[in-house]
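Chemist:
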């Protein structure tokens, strides 16, 4: 088995897109094992400045994978190392 991926979701309260992103992460967790952390950007001025207009932001292993709209296929393929056509 490969190393465990680290997934961070940059989010804020009362954000419908962030809530959708969390549902996508929950679905992907049923198929893939990874470390997950949700980070409220409003706890840090730096994070609010960096991600304020982009949230939700999904970061996998330190690299931004998606922002705004988060979809199951993109996240699942990244974490499983496969494409759905494999």
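Residue numbers (this note's numbering): 16 to 101. Backbone N, C-alpha and C define an ideal beta-carbon position, used for all residues, glycine too.
1) Can we say the stretch 42-50 touches the stretch 59-69, given the rule of at least three CB pairs closer than 8 Å?
2) Using 8 Å as the threshold, is the C-beta distance between residue 73 and residue 81 below it?
3) When you compare each of 95, 77, 89 and 94 to residue 23 by their alpha carbons, which one comes out closest?
4) Can you tell me where the alpha helix (DSSP H) holding residue 41 begins and where it ends?
5) In terms of residue numbering, what span does the alpha helix (DSSP H) encompassing residue 93 cover?
6) Looking only at its own chain, which residues have a Cβ that is under 7 Å from the Cβ of residue 66, when we skip the five neighbours before and after it?
Modeler: Put simply:
1) no
2) yes
3) 77
4) 31-44
5) 87-95
6) 25, 56 and 72
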